[in-house]
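Participant: Dumping the structure here so I can ask a few things about it.
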Amino acid sequence: MAKRDYYEILGVSKGATAAEIKKAYRKKAIEFHPDKNPDDKTAEAKFKEAAEAYEILSDADKKARYDQFGHQAFENGGGGGFGGGGMNMDDIFSQFGDIFGGGGFGGGFSGFGGGGQRRVKGSNLRIRVKLTLEEIANGVEKKIKVKRKVQAPGTTYKTCSTCNGSGQVTRIANTILGRMQTSAPCNVCGGAGQTIDKKPADADAQGLKVAEETVSIKIPAGVVDGMQLKVSSKGNEAPGNGISGDLIVVIEEEQHEKLQREGDNLHYDLYISYPDAVLGTSKEIDTVTGKVRIKVEAGVQSGKILRLRGKGIPSINGYGKGDLLVHVNVWTPKTLNKQQKEFFESMQNDEHFEPKPESSDKSFFEKVKDMFS
Ligand SMILES: [Zn+2]
Numbered sequence: 019m020a021k022r023d024y025y026e027i028l029g030v031s032k033g034a035t036a037a038e039i040k041k042a043y044r045k046k047a048i049e050f051h052p053d054k055n056p057d058d059k060t061a062e063a064k065f066k067e068a069a070e071a072y073e074i075l076s077d078a079d080k081k082a083r084y085d086q087f088g089h090q091a092f093e094n095g096g097g098g099g100f101g102g103g104g105m106n107m108d109d110i111f112s113q114f115g116d117i118f119g120g121g122g123f124g125g126g127f128s129g130f131g132g133g134g135q136r137r138v139k140g141s142n143l144r145i146r147v148k149l150t151l152e153e154i155a156n157g158v159e160k161k162i163k164v165k166r167k168v169q170a171p172g173t174t175y176k177t178c179s180t181c182n183g184s185g186q187v188t189r190i191a192n193t194i195l196g197r198m199q200t201s202a203p204c205n206v207c208g209g210a211g212q213t214i215d216k217k218p219a220d221a222d223a224q225g226l227k228v229a230e231e232t233v234s235i236k237i238p239a240g241v242v243d244g245m246q247l248k249v250s251s252k253g254n255e256a257p258g259n260g261i262s263g264d265l266i267v268v269i270e271e272e273q274h275e276k277l278q279r280e281g282d283n284l285h286y287d288l289y290i291s292y293p294d295a296v297l298g299t300s301k302e303i304d305t306v307t308g309k310v311r312i313k314v315e316a317g318v319q320s321g322k323i324l325r326l327r328g329k330g331i332p333s334i335n336g337y338g339k340g341d342l343l344v345h346v347n348v349w350t351p352k353t354l355n356k357q358q359k360e361f362f363e364s365m366q367n368d369e370h371f372e373p374k375p376e377s378s379d380k381s382f383f384e385k386v387k388d389m390f391s
């Protein structure tokens, strides 16, 4: 299903300030708040949709990625269990509770879906994954060892005596929407409705302990250095019936020995000898899918750019591939033997060697202009 544009969801322009985005989100959140729209699935969906849009647009880093890559920036490929999914109500309140603060909701929220018990979420984990340019170009599945908190075997839970397992402490409050019942999470059990009964000696206060686990991460082709991918539920576990946090994978791109990346395009510096430039040659060059042989025409000018279409990096948005731009550099020898020196001296004043650039031998600046047009 195609996702709506985040700006459109909040009803703001792309140039909206952080304050305008916050204000717009608050308006939507109040309009579709479940307390105001009980048992209205459409309102709940809109409430979640607005929260998801706000999660991205309120974070400068995520917003920049969204502006550049659209929804693709957060839900890559789908194969590896990334992103997608959207947010659940607990996420929304744990992340954006402050947005309602002072606005009449009084800081407390009633439960959803009739339960009222709040599922505690484990914290997120962040790891950095180094990728070669070849791995980025082709996509890769990485098996990464992650140290995460898991529920210690032998931990048992009992119903919280303060809230009798509801996880909520209820009160009546006057709000901008009128008089309504609000509930705050129980501060003894943190809203989980459970407290620890027994736990093994090696568990922490929450009955968790650190365990090493190998997580398989499918990384789609075209990722960019600094991009973050989310593996749902592979962060720290939560105690009791809580839900696990997420594993945030931060992409790090290793410098390639021969290839320079610029967006989806790649650049390669090819050095050829003076005789090769005069007589023509063929050269083997590195690409992200192996070596290829390219032909260099006789009479090639230094600075010429040969474009190998589709030999760059696939677009993360799935729109085609970049190109590989091969920059021809004619290498001039610094020393010559006697015979070579005599040859070049005899040619030095030969009219045939006078530069006579044709319109097709564009200057460096014109080539750069072409490349970006
Ligand atoms: Zn409690």
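Count along the sequence shown from 1, add 18, and you get the number used in the numbering used here.
Ideal placement from N, C-alpha and C gives every residue a C-beta, glycine not left out.
Owing to the predicted nature of the structure, the values given are computational and were not obtained by experimental measurement.
Taking just the CA atoms, how far does residue 314 sit from residue 393?
Facilitator: Residue coverage of the chain in this structure runs from 19 to 391, which leaves residue 393 outside it and unanswerable.
Participant: Compute the minimum distance between the beta carbon of residue 249 and the heavy atoms of ligand 1, and state whether it is under 6 Å.
Facilitator: Outside the cutoff, so no.
Participant: Taking the straight line between their C-alpha atoms, what separation do you get for residue 241 and residue 269?
Facilitator: Cα to Cα, residue 241 sits roughly 7 Å from residue 269.
Participant: Using the C-alpha atoms, what's the distance from residue 81 back to residue 231?
Facilitator: Their Cα atoms are separated by approximately 32 Å.
Participant: Hey, is residue 188 close to ligand 1, as in C-beta under 6 Å from one of its heavy atoms?
Facilitator: No.
Participant: If you follow the beta strand (DSSP E) that residue 313 is in, where does it begin and where does it stop?
Facilitator: Run containing residue 313: 308-314, per the beta strand (DSSP E) assignment.
Participant: Run the CB neighbour count on residue 300, radius 10 Å, all protein chains shown included, and call it buried at 16 or more, exposed below.
Facilitator: Its Cβ having fewer than 16 others within 10 Å, residue 300 is exposed.
Participant: Below 8 Å on the Cβ atoms is my contact criterion, and I expect residue 62 with residue 168 to pass it. Report the Cβ-Cβ distance as a whole number of Å.
Facilitator: At roughly 31 Å, the Cβ-Cβ gap does not stay under 8 Å, so residue 62 and residue 168 are not in contact.
Participant: In whole angstroms, what is the alpha-carbon distance linking residue 325 and residue 287?
Facilitator: Roughly 12 Å between the two C-alpha positions.
Participant: Classify residue 376 as helix, strand or coil using the three-state DSSP reduction.
Facilitator: Coil at residue 376, not helix or strand.
Participant: Under a three-way DSSP split, which group does residue 132 fall into?
Facilitator: Here the model assigns residue 132 a pLDDT of 35, short of 50, so the residue's position is not dependable, and the following value carries that caveat. It is coil, neither helix nor strand.
Participant: What residue range does the beta strand (DSSP E) around residue 146 cover?
Facilitator: Residues 143-149.
Participant: According to DSSP, simplified to helix, strand and coil, what is residue 354?
Facilitator: Of the three classes helix, strand and coil, the one that applies to residue 354 here is coil, per DSSP.
Participant: Please confirm whether residue 344 and residue 295 have their CB atoms less than 7 Å apart.
Facilitator: No, they are not a contact pair.
Participant: Within the chosen definition, does the segment 352-361 reach the segment 258-275 through at least 3 CB pairs nearer than 8 Å?
Facilitator: Not touching, per the Cβ criterion.
Participant: Does residue 366 come out as helix, strand or coil in the three-state DSSP assignment?
Facilitator: Residue 366 falls in the helix class under three-state DSSP.
Participant: May I ask you to check if the CB of residue 206 is nearer than 6 Å to at least one heavy atom of ligand 1?
Facilitator: Checking every heavy atom of ligand 1 against the Cβ of residue 206, one is found closer than 6 Å.
Participant: Tell whether a beta-carbon distance below 7 Å holds between residue 215 and residue 176.
Facilitator: A contact, by the Cβ cut-off of 7 Å.
Participant: Between residue 243 and residue 372, what straight-line distance do the alpha-carbon atoms span, to the nearest angstrom?
Facilitator: If I take the Cα positions, the gap works out to 46 Å.
Participant: Could you tell me the distance, in whole angstroms, from the CA atom of residue 26 to the CA atom of residue 67?
Facilitator: Each residue's Cα considered, the two are about 11 Å apart.
Participant: What separation, rounded to the nearest whole angstrom, lies between the Cα atoms of residue 319 and residue 312?
Facilitator: The straight-line gap from Cα to Cα measures roughly 16 Å.
Participant: Under the three-state reduction of DSSP, which class applies to residue 304: helix, strand or coil?
Facilitator: Strand.
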